[in-house]
Amino acid sequence: RRTARTATAIENAALREVARRGYPDLRVTDVARRAHVSTRTVYLHATSKERLVEQALRRRGASLISRVERWRPRGDTPEQILDEMVALHEREYRGESSLLLETLVDGALPRAVARLLRDLDGVRLAVIARTMTDLAHRGALRVRTQDAIALAHALLSYPTWRTALTGPVL
């Protein structure tokens, strides 16, 4: 349990430091200080700064993907279902995971990590497609299913891609 808490503290500290300084200026000593561990402990957890950030992002991303994939609407009406989908998105993609997404869209990250951003967006698209297809089967859509999926995806993913293009809002 203690090892898991230490690993989590190190990964959280790494992500906060990347968000604060940017990946190129990340220093392992700052991560260690923020996590309240020695620099040696950080290096025992990950052998390099690249591995540290990659592990932290992958673990956080896998957790997000798992939560989003399990989501199913509870509402009965189309309005309730759409409200729930937007709330899920607000909570998961813009809430606690905004640090993850802002870190991922930073162009200076290792290329291997970029795949995670595509995976996260793929899960978002799958949830939207599943929800819109269900609404179409109920006869609740006034537009083609594909158009509803494209519109919802564009609206829900806009903040992430705006951040990717212009940087985080300060």
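Sequential numbering of the sequence shown, starting at 8, is according to the numbering used here. Note that CB positions come from ideal geometry on N, CA and C, so glycine has one too.
Approximately 5 Å separates the beta-carbon atoms of valine 35 and valine 49; this is inside 8 Å, confirming the contact. Taking 8 Å as the cut-off, the Cβ atoms of alanine 21 and valine 44 do not count as close. Under the DSSP assignment, histidine 96 falls in the alpha helix (DSSP H) whose first and last residues are 85-96. When the Cα atoms are used, serine 55 and threonine 10 turn out to be separated by approximately 19 Å. When the beta-carbon positions are compared, arginine 23 and arginine 40 stay at least 8 Å from each other. In this structure leucine 158 is exposed. Its beta-carbon is surrounded by fewer than 16 other beta-carbon atoms within 10 angstroms. For valine 150, there is no enclosing alpha helix (DSSP H), as DSSP marks it with neither H nor E. Look at the stretch 18-47 and you find no whole run of beta strand (DSSP E) that is 3 residues long or longer. Taking a C-beta distance under 8 Å as the contact criterion, isoleucine 88 and leucine 142 qualify as a contact pair.
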